[in-house]
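Encoded as structure tokens, the structure appears first; notes follow it.
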Amino acid sequence: MSEYILLRHRDTPDIDQLTVYRKHGGFEAWRKALTALQPEDVTQIVKDSGLRGRGGAGFPTGMKWSFCPKDIWPHYVVANADESEPGTFKDREIMEGNPLQFLEGLMLAAYAVQANDAYIYLRGEFWQIARRLEIVIEELDAAGLLGERILGSDFSLRLHVHLGAGAYICGEETALLESIEGKLGQPRLRPPFPAVAGLFARPTVINNVETLTNLPPIIQNGAAWYREFGTEKSPGRKIFSLSGCVNRPGNYELPLGTPFRELIYEHGGGIPDGRQIKAIMAAGASSALIAADEAALDTPMDYESVAMLGASLGSASVIVIDESVSIAWLVQKTVNFFKHESCGKCTPCREGTYWMDRLADRIAAGEAGENDVDLLYSVARQMQNKCLCALGEFSTEAVVSGIKKFRPDFIKERQFQD
Amino acid sequence: MPKMVTLTIDDKKVTVPAGTVIVDAAKKAGIDIPVFCYHPKMEPVGMCRMCLVEIGRPVIDRSSGQVVLEEDGSPKISFGPKLETSCTVPVSEGMVVRTQTQPVKDARVGMLEFLLTSHPLDCPVCDKGGECPLQNLTMGYGPGVSRFQFDDKKHLGKRIPLGELIWLDRERCIQCARCVRFQDFVVDDPVIGFSNRGRSLEIVTFSDPGFDSIFSGNTTDICPVGALTTDDFRFGARPWELKTDASICQHCPVGCNLAINIRREAKAGGKPVIKRILPRQNEAVNEIWICDKGRLGYHYAESADRLERPLARKGGELVPVSWDEALDLAAEKLKETESLVTLAGGRLSNEDLFNLRELTAAKSGKALLYSDMAGGDLVARCGLAPGSNFGEMGKGSAILVIASDLHQEAPLWWLRVKQAAERGAELIVANPRATRLDKYARHRIPYEYGQEAATLAAFQRGVSAPEELQAAAAAFAAAENRVILYGSEGLGLHGSQALVQTAAAVLAGYGRIGALNNGLVGVWQRANDQGAWEIGFRPSANLAAEIGSAGLLLIAAADPAGDDPALAEAVAQAGFVVVQELFLSETARRADVVLPAQAWTEREGTLTSGERRVQRYYPALAPRGEARADYAVAAQIGQRLGLSLESGTASLVFLRLAASLMAFAGLNYQRLSETSEQWPIIGQEDLYYGGTAYDNHQGLGVQLPLAVEGEPPVPAADAELPAVRKGQLLLVPITRLYDRGATLLPTRLLSQRIFNREVWLHPQTAAALGLDGAGQVEIRLNGATCSAALRQDLNVPAGVGLVPRSVGIPLFAPQAAALIALAAVAEV
Amino acid sequence: MNTLLSQYPAEIDKILSHYPPDQKRSAVMPLLHLAQREATYVSAQALKDIAEICEISITDVASIVGYYTLYYDRPLGRYHIQVCTDLPCALRGADKFLAELCQRLGLKVGEPSPDGLFIIEEVKCLAACHRAPMFQVQSGEGISYHENQTVETALEVIEALRQHVLQEKESQP
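Residue numbers (this note's numbering), protein chains in the order written: chain Y, 449 to 866; chain F, 2 to 829; chain H, 3 to 175.
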């Protein structure tokens, strides 16, 4: 059996071709669902598998589906392919290498909630992937795997590709829906939740690309098989996007619960030039900084264990920071990112990210005093728990954890400069 | 009745309808929660985060479903880990809200500090300074000092014209989106929006003209900072220098309640001048909104062209004379005459009209209303029952609008009918061409001009409607309450008479006249046309002959000679002509005596709206020159004839009117000035909540009772349309908001939006008549010739030409005419 | 006259077919991409055309252009060379890469080249953190990624684009 269940293109050449994919069991789960399973059965299998959303929040996927009311129609499914978190590049590899499995997963989700239209929302930069997916969807139509009354069932499904145009916030699911509706991609108030009033005010399930790509093997092999991977509360395999100060950055498909040390030192080949590891950001730029001590390195990368470190696993975008990096410089980078991506809708995020950016700039340039560091910390704290959506909250994570854990870096910034 | 919910806010028990958000519940309980983005007239968005509070909810035992109790027997309350926005959370039973705790206070300090980081703090030169929610809330809840480094301030455009009416100061904007949401969701003119994002989020407009909305001024009222200002008021005065007087808008039959802000100025010789007009809350009339015509169209009152002294014709010339001389002369001629014709315009107040009627009656003269729309008598019998309110119509109501482009004719009715439809009212719009109301209509009925009554007849109870009208007729029949608004689109007096009779008959047939939220509403061309009907003025089907044969012609607030060459000739034929006017109009030029009238801002009076609501307006300015109120002028002429007419004050005239007219029985100025509590609470010290619209403590007005039933109304056949010969087309009148009327033209600010003299044709009609290249056409009507711009519009029915009223083309009823091309359209 | 509609009738039909008939507004983003295909930016005419097709106001369309970074309201260059300098890329030398590239090209970030062909832009994460330094080229022809770059390889990419334009000019009559 293949080493991979998600990144199957790595050991199965040309699996992005329909004939090859089908030869390797492709669309068998789809056939099984349509011919042998009721929609509720599909949901139940996914619930039993313990699959949790891979986009960052880690919410149980089957449960998310079951929130769709049965008395409001139509339903929609949206694949969140907006992958924009700094340090995250896994969905892109899936869609480039193993697009059919992703689409099959999307189709299964649509069947589970009985949606006849499903949208794939790609960040605008994935222009080439979008073109490719459109062609693949046409092939699936031609092969009778999509369209009206598929494979002799009563179920009809159309897939649509919707391309964004450069806005990180559209990865937030309600902003994503606004964006498909042709409005500014700004987050909506919740409630109502998308499961009740989502796309076009209809019940909508939004799942991440990687989440969806897990579905075909789960339906094909069953929940128990899937639970053989990972931990009890975080079952299954996960793609870890490894970047930053490592010798072999890239995507690694591993069981949830793999320790940081294994990812960074075995798979990633360790830190260049034998430098010391200093910190880890486990969820991209949205992460709190983890001081990379021995205990941290031995921490299993599952949702619960990473939370114990005061951070979160998020989309498992592991950015490695070594001793040559000033955390003040790093914070300036993350804050500048969030300032650029803040949608501007709520006061604390709009004003707070701008203010933090000004402060972090001066601190990183060595032009600030200690009181500016305190002020930066205070501004971040002033934003926390008050923003409309998670973006504003994320923007404070590296700031607060960075100043708490690496305060000297902020005061002695100059020593890091060339 | 909605379900009521009881909760505790700051230890105070509050009971409000389910669905109320916490901010509003607190407001009702007298507890102020500061907000910027929340506005009680709009859906909450939770953007500004100013209203964060602590919210606790009773703990429910999952197995029993019962509230868990503390040891002392009180319900156990669980507070969330985060503060929540009180503008987005609806109340629930047993909820406990804390608005004064340290975390809440800290959050408010924090949000204000954030907002002020990008704010220019130019309060000393800001129009909003003194009535600014940001300023007030900063004083009330703010940090006092900022930790933000001044050099980091983002500098943005401070003089951005969003069109010529509204200015934007980007530095002051706090991105609360109140203006954008008002335009998008309240008035559905999405012509301003946000561009860019984050700290660079900014308001833009791409419409042509900029900020193309007849409701744009309202955004300056609800803007919680000085980001949006009208060109009219910008840098005009400081709010604390302003004195406020209550008024009623004179531009259309809605009767919007206004507040007039005045200040004494050196340029006016130390006299007060109007600095701006704002809405005054009346939830049964205009809520807290007004249209831009009402807001900006007051400048005629301060026009340099106003008449200041009486004039009398001497040696062929009009020369200034004293009031006594002018009045004596008019009275003398009046004494002599056997045939008095009084022609009054619907801009006059009830008091003016009453005294004119008394004067006319004493001489057995004719009291004519200068109007080509019929039906005020039927509206008096079948109108809206007292207590009716568009704001309360929704599911169960059917609203039928026929022969009216409400958006242009009565903007606030358009808005309120739209909102009733959005609440579920069955809206039926019948009009030959598409109008802005169609979008919200369940049923749209495009009939041909001339088919108004026939179309409406299908809505009679028990009549089997033609197939295309069946669905609408069935919906109308099935409704619990029915309102018909009828206008004068495409109609003259005859057609209008047929329409209103049929409308009254339709409503009478359902037997619900007199029931709440039922009745007939006339979309009149002038503010007090309904009042004129109530008092006894009637339009004439043969106005030229009536005028021409008058021994003495008394004209007040009407300019027939300016509107129609045929009427000008008639005025010339009349014996002795006395004119009460604001301006030296074409009619005044032809008069023998001209008596300068006070503008509505200079006196008091009452108006009767299309909903038959009698409302008071109050003087704001000193009278211009020697001008006198029309009621006083009429009384002073009458007194010279030995009549006992009241010339002292409007309130005394009104008492006589009330004693004389059944519908007004028992009314007086005190009753009209009564107010009661309104929701939302607006215009008090808490400017942040609803904006700068004014609290109403000068009167909500009184809706007149319906007149006792006469003969049951019977439907009438449509007036016959004139024959259209080859090469001709049917010209029909329509009404546009920004016309060229004497009370609007002097508002120079609106000059770019005021309609030209033009005629609208479908391009195919233009082509069929060989006019496709024409820019200017000549129209021959009743032997007179005038030129007009040709506007091609796909929305005009084939074979028809639309002629806006009051732009200088003498068309008052459908007429067949030929158009002659004058100049080709300039090559693009 | 709807220029966009007359230019791309089939594409526009197809775009609209992806959304419910009463949700034409949803087509605004794909239509903006379409409008940029040849022009490289969204012209005033395109704003009008799209507003008409989507049955929304011109302001609503312009608002979308202003919000998203891949839409341009003015022509800035045929090829947008967009270098990611976000944290993961910066940890792999992206800042230095950008500075050197600019120096070698004699261009500043955000300033179009004198011939109007290129503009260098500094952008946020493009989901290629493991192959930094990297940049994407945005043009009417779409978006292409160029990863694991050095200044030399980047200059080659840019030179190839320049040659492509030259050949195009020569092949035109």
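Note that beta-carbon positions come from the ideal geometry of N, C-alpha and C, so glycine has one too.
When the alpha-carbon of residue 308(F) is set against those of 441(F), 584(F), 328(F), the nearest one is in 584(F). Taking a cut-off of 8 Å for Cβ pairs, the segment 661-681 of chain F and the segment 360-367 of chain F do not touch, as fewer than three such pairs fall below it. Residue contact with chain F for residue 616(Y): absent (no Cβ-Cβ distance below 8 Å to any residue of chain F). Interface residue (Cβ-Cβ distance to chain H less than 8 Å): residue 608(Y) is classified as such. Within the DSSP bridge table, the entry for residue 729(Y) names 737(Y), 767(Y) as partners.
In the DSSP assignment, residue 689(F) falls outside any beta strand (DSSP E) and lies within the alpha helix (DSSP H) extending over 688-691. Scanning 685(Y), 521(Y), 731(Y) for the CA closest to the CA of residue 645(Y) turns up 521(Y). When 7 Å is used as the limit between beta carbons, residue 98(F) is near no residue of chain Y, the shortest such separation being about 17 Å. Within its own chain, the residues whose Cβ lies closer than 6 Å to the Cβ of residue 87(F), once the five positions on either side in sequence are excluded, are 23, 24, 34, 52, 54, listed in chain order. When secondary structure is reduced to three states using DSSP, residue 381(F) falls in the helix class. In chain order, 575, 576, 579 make up the part of chain Y whose C-beta sits under 8 Å from the C-beta of residue 144(H).
Rounded to the nearest whole angstrom, the C-alpha separation of residue 157(H) and residue 599(Y) is 51 Å. Judged by DSSP secondary structure, residue 536(Y) falls outside any beta strand (DSSP E); it is assigned neither H nor E. With respect to chain H, the C-beta atom of residue 195(F) has a partner C-beta closer than 8 Å. In terms of Cα proximity to residue 263(F), the closest of 276(F), 272(F), 255(F) is 276(F). The continuous alpha helix (DSSP H) containing residue 558(Y) extends over residues 547-561. No Cβ of chain F is located within less than 8 Å of the beta carbon of residue 43(H). Taken atom to atom, the span from the alpha-carbon of residue 737(Y) to that of residue 755(Y) is near 12 Å. Between residue 25(F) and chain Y, the shortest Cβ-Cβ separation is not below 8 Å.
With its beta carbon less than 8 Å from one in chain Y, residue 108(F) belongs to the interface.
With a threshold of 8 Å between beta carbons, residue 112(F) makes contact with chain Y. With respect to residue 770(F), residue 705(F) sits apart: the two C-beta atoms are not nearer than 8 Å.
The Cβ-Cβ distance between residue 791(F) and residue 797(F) does not fall below 8 Å. The CB of residue 200(F) comes closer than 8 Å to the CB of 787, 790, 792, 798, 799, 801, 802 in chain Y, given here in chain order. For residue 241(F), there is no enclosing alpha helix (DSSP H), as DSSP gives it neither H nor E. For residue 157(H), none of the residues of chain F pass the 9 Å Cβ criterion, the least Cβ distance being about 33 Å.
Contacts with chain Y (Cβ-Cβ distance below 9 Å) from the segment 76-92 of chain F involve 82, 83, 84, 86, 89, listed in chain order.
CA-CA distance, residue 90(F) to residue 630(F), rounds to 53 Å.
Shown here, residue 588(Y) sits in a helix according to DSSP, grouped into three states.
For residue 525(Y), not one C-beta of chain H is nearer than 8 Å to its own C-beta. Legend: CB atoms of the segment 142-172 of chain F lying less than 8 Å from CB atoms of chain Y belong to residues 148, 149, 150, 153, 155.
DSSP, reduced to helix, strand and coil, places residue 13(H) within a helical segment of the structure shown. Across the segment 67-85 of chain H, CB contacts with chain Y closer than 8 Å involve 69, 70, 71, 72, 73, in sequence order along the chain.
Of the other Cβ atoms in all chains shown, fewer than 16 fall within 10 Å of the Cβ of residue 146(F); this residue is therefore exposed. Shown here, residue 392(F) sits in a helix according to DSSP, grouped into three states. In chain order, 194, 196, 205, 207 make up the part of chain F whose C-beta sits under 8 Å from the C-beta of residue 64(H).
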